[in-house]
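A short write-up of the structure that comes next.
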Ligand SMILES: N[C@@H](CCC(=O)N[C@@H](CS)C(=O)NCC(=O)O)C(=O)O
């Protein structure tokens, strides 16, 4: 969501939520998002949660520059990648992230199997990137669903196999984008 805001140059103000202090499970926050997760946005009177839903709203409200396509087949493929990235890469990466931050501890074997799952997903991504700069040829939500964590793989304790050359080049390309600078990690 922060990447989409930056790509579209939409001004926004952060409202800090201390996850460690479990502020996201307090009644004031649950009134905004019954799931008790971040991110949540407020746009005038509208409050929205879930980054996929938020990104769809941002796209409709601020169509330029586009982060998806105008035609239904490619829009559907972008959504498919978002779903794949969220389930098979970002969520596992989040578990490692919160483990390393000490917010919640997982067993070492769990962390290892999560890391293996992420690498399996990246092997699939590597094939899809063959001959392409981005998953859907230009930068879209498909890439955004991996970007914030794939650029810090090393900090998550995951070493990218040498063979995944397309993913390696994609990571370098992602790192150069202004929208991916200064994300909170
Ligand atoms: N599908 C949701 C997932 C949100 C989510 O799991 N957020 C994490 C942080 S990235 C969170 O709030 N975790 C705290 C918790 O679940 O207690 C989205 O994309 O917004």
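In our numbering, the protein residues as written are 1 to 185.
Heads up, the beta-carbon is just placed ideally off N, CA and C, and yes, glycines get one too.
All of these numbers come straight from a predicted model, not from anything done at the bench.
Answer with buried or exposed for residue i, where buried requires no fewer than 16 other C-beta atoms within 10 angstroms of its C-beta.
i, result
"residue 73", "exposed"
"residue 15", "exposed"
"residue 53", "exposed"
"residue 26", "exposed"
"residue 167", "buried"
"residue 143", "buried"
"residue 148", "buried"
"residue 150", "buried"
"residue 126", "buried"
At a cut-off of 7 angstroms, is residue i close to ligand 1 when judged by its beta-carbon and the heavy atoms of the ligand?
i, result
"residue 43", "no"
"residue 92", "no"
"residue 85", "no"
"residue 51", "yes"
"residue 140", "no"
"residue 99", "no"
"residue 78", "no"
"residue 38", "yes"
"residue 19", "yes"
"residue 24", "yes"
Three-state secondary structure (DSSP) at residue i?
i, result
"residue 134", "coil"
"residue 230", "This structure does not reach residue 230, given that the chain is present from 1 up to 185, and the question cannot be answered."
"residue 38", "coil"
"residue 44", "coil"
"residue 95", "helix"
"residue 163", "coil"
"residue 9", "coil"
"residue 18", "coil"
"residue 122", "helix"
"residue 181", "coil"
_If contact is defined by three or more beta carbon pairs under 8 angstroms, each pair taking one atom from either stretch, is the segment 34-48 in contact with the segment 98-105?_
Put simply, the segment 98-105 does not touch the segment 34-48. Fewer than three CB pairs are less than 8 angstroms apart.
*Take every Cβ of the segment 75-83, pair it with every Cβ of the segment 103-117, and state whether three or more of those distances are shorter than 8 angstroms.*
Taking 8 angstroms as the limit for Cβ pairs, the verdict is that the segment 103-117 does not touch the segment 75-83.
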